[in-house]
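**Q** I have a structure I would like to understand better, so I am pasting it below and will then ask my questions one at a time.
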Amino acid sequence: MSKSKRIFVCQNCGAIYSKWLGKCSQCNSWNSVVEESIETSIRENLLTDFRFYSLHDVPCEGVERFVTQYQEFNRVLGGGLVPGSFILLGGEPGIGKSTLLLQVALHNPELKCLYVSGEESLSQIKIRSERLGSISNNIYISNETNVDQIIQATLNLKPTVLIVDSIQTVYNPKVEAFTGSLTQIRQCANDLQRLAKENHISVFLIGHITKDGMIAGPKLLEHMVDVVLQFEGDEHYGYRILRTLKNRFGPTNELGIFEMTSNGLREISNPSEILLSHRTQNLSGTAVACTIQGIRPLLVEVQALVSSSAYGNPQRTTTGFDPKRLNMILAVLEKRLGMKVGFQDVFLNITGGLRIDDPALDLGVACSIISSHFDFSIPPYACFTGEIGLTGEIRPVDRLELRVSEAIRIGFKHIYLPLVNLKNLHINHPPDVQFIALEHLKNLLENLQT
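Here you go:
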């Protein structure tokens, strides 16, 4: 038997209260606590059969992945689509989440796909499919939002992939809560997870994000799924970045780059050359840094502008880089090199709309700031990689061979790297490629001004 219980749940963070509050004490948001009803079951017999197995006796079956037509999509999934995987895709409105999954389904006719949309009509999905270039006879669409009906239709159709757009529009009729509430999202995700695991159907959930850039809904949703993907990009650029935030079947922090065109998304297999194609040489304030995103080396252009402050408080503006990291680098430059940047405006930009968190980007950032401050240009075929410590030392970076190989492939001849890394670097390189080992920022300034 079961009984109904009334609780009060914060729709922003998921905190549960026994009574209504005007302000959530966990996330400090106002008017976000809503009354909901949950069904609690009363078990008369708590003793059940508990099965356990020896780890040695459990058969180990290899995971057979389905490799799609898009290598960038395969990359972020860890090599391909795993049957029975439960995947969450988040991103800002209009960034292209629905287009990405629909395009993958359209261009892989071997996949039998059920596309369930609670946000678009069937005619809108048909028009989008025609715009993307092809219509597959192996794709079925629906507007159903009842999770029980979706599960039943899936069991009858037996597709390879189920796409739910979006999880915030799906509801369970047994749950007394409005559609999109934390209770509904949690219960519907639990039902769809059971469907994926028991029937080996790959389920994609499209999720909204909050104004803070976090995936909307309970944090439990991200723990339940096998893979969490983030689709992001700047509205002023055509590039779209697909990031892996969590992956039980492959590496995390992987990166796939697409370009939004009138005919859908086009994958960019060689992003380094694209990001550096519009680079202007012989100008101060620009430097090329080599970073690693997941297992992919990536060369990006860093631009800096250091100018006199016209206001009382100097500005520190960054695009694609951590502002706190920039403040630390500026403090090190002022303390160790004597650069008076404390009363100057500093603007920093990672070109292409990318957001990079790799500490090895520090050396490229410092070079662009030094170049802009002293107003001299960096040699056009110079590339930088290295982390900066608080004492001004150049700290080693990981996977240097990948970074150096990518820089040589693009055509860079002077590669600035940490002295500690050079001692352990074993790579074949052309005779005109020169490695400049740096131990401290003072060595960097001396090399750049010679």
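Note that numbering that gives the first Met the number 0 numbers the sequence shown so that position 434 is 433, with each residue one more than the last. C-beta: ideal position from N, C-alpha, C; glycine also.
1. Reducing DSSP to helix, strand and coil, say where ASN145 ends up.
2. Kindly indicate the opening and closing residues of the alpha helix (DSSP H) around ASP361.
3. From GLU129, SER84 and GLN314, pick the residue whose C-alpha is nearest to that of LEU101; which is it?
4. Out of SER17, LYS18, GLY13 and GLU34, which has the shortest C-alpha to C-alpha gap to SER28?
5. Enumerate in chain order the residues of its own chain whose CB-to-CB distance from ALA104 is below 8 Å, with the five nearest sequence positions on each side excluded.
6. Hey, how far is the Cα of ALA288 from the Cα of ILE369?
7. Using the rule of at least 16 other Cβ atoms within 10 Å of the residue's Cβ for burial, across every protein chain shown, is VAL57 buried or exposed?
8. In three-state DSSP terms, what is LEU444?
9. For ASP356, which of LEU444, LEU228, ARG315 and PRO322 has the nearest alpha-carbon?
10. Short of 6 Å in beta carbon distance, which residues of its chain neighbour LEU443, apart from the five on each side in sequence? Order them along the chain.
11. Would you report the Cα separation of ASN73 and ILE166, rounded to the nearest angstrom?
12. Are there 16 or more other CB atoms within 10 angstroms of the CB of SER180, so buried, or fewer, so exposed?
13. Figure out for me which residue from GLY351, ARG335 and VAL32 has the closest Cα to the Cα of THR318.
14. For my contact list, ILE349 and CYS382 are in at a C-beta cut-off of 8 Å; report their separation, rounded to the angstrom.
15. So, with DSSP's three-state summary, where would you put PRO158?
16. Is GLY311 closer than 8 Å to GLY78 when the C-beta atoms are compared?
17. Who are the near neighbours of ASN11 in its chain, counting only those whose CB is closer than 7 Å to its CB and skipping five residues on each side?
18. Determine the closest residue to LYS218 out of GLU400, PHE230, ALA188 and GLU119, with distance taken between C-alpha atoms.
19. So for MET0, helix, strand or coil by DSSP?
20. Does DSSP classify THR153 as helix, strand or coil?
21. Going by DSSP, what residue range makes up the alpha helix (DSSP H) through VAL403?
22. Is it buried or exposed, ILE291, if we count other Cβ atoms within 10 angstroms and call 16 or more buried?
23. Among ASN427, ASP361 and LEU440, whose alpha-carbon lies nearest the alpha-carbon of GLY391?
24. Between which residues of its own chain and PRO430 is the CB-CB distance below 7 Å, once the five residues before and five after are set aside?
25. Near GLY232, what residues of its chain come up, given a Cβ to Cβ distance below 7 Å and the 5 sequence neighbours on each side ignored?
26. Report the residue from ALA406, ILE150 and LEU76 whose alpha carbon sits nearest the alpha carbon of PRO270.
**A** Based on what the coordinates show:
1. It is a strand residue.
2. Taken as a continuous stretch (DSSP letters only), the alpha helix (DSSP H) holding ASP361 covers 361–373.
3. Looking at GLU129, SER84 and GLN314, the one whose alpha-carbon comes closest to that of LEU101 is GLU129.
4. Checking every option, the nearest Cα to that of SER28 belongs to GLY13.
5. These residues qualify, in order along the chain: LEU110, CYS112, TYR114, SER135, ILE138, VAL160 and ILE162.
6. Spanning the two alpha carbons is a distance of roughly 14 Å.
7. The residue is exposed, with fewer than 16 neighbouring Cβ atoms inside 10 Å.
8. It is helical.
9. Distance check between ASP356 and each of LEU444, LEU228, ARG315 and PRO322 places PRO322 closest, using alpha-carbon atoms only.
10. Only residues of its own chain outside the window of five on either side were considered, and among them LEU437 have a CB closer than 6 Å to the CB of LEU443, listed in chain order.
11. If you draw a straight line from the Cα of ASN73 to the Cα of ILE166, it comes to about 23 Å.
12. Buried, because 16 or more other Cβ atoms sit within 10 Å of the Cβ of SER180.
13. Residue GLY351 is the option with its Cα nearest to THR318.
14. Not really, about 15 Å apart at Cβ, beyond 8 Å.
15. Look at PRO158 here: in three-state DSSP terms it is coil, with no helix or strand label.
16. Contact flag unset, no.
17. Contacts found: CYS23, CYS26, SER28 and SER31.
18. Nearest of GLU400, PHE230, ALA188 and GLU119 to LYS218, Cα basis: ALA188.
19. In this prediction, MET0 scores a pLDDT of 47, lower than 50, which makes its location untrustworthy; the coordinate-derived value is nonetheless stated afterwards. DSSP places MET0 in coil when its eight states are reduced to three.
20. The three-state secondary structure of THR153, taken from DSSP, is helix.
21. 399–409 is the extent of the alpha helix (DSSP H) around VAL403.
22. When all chains shown are included, ILE291 counts as buried.
23. GLY391 has its Cα closest to that of LEU440, out of ASN427, ASP361 and LEU440.
24. Cβ-Cβ distances below 7 Å link PRO430 to nothing in the same chain once the five nearest sequence neighbours on each side are left out.
25. These residues qualify, in order along the chain: ILE94, TYR238, ARG239, ILE240 and GLY352.
26. Considering only ALA406, ILE150 and LEU76, the residue with the shortest C-alpha distance to PRO270 is ALA406.
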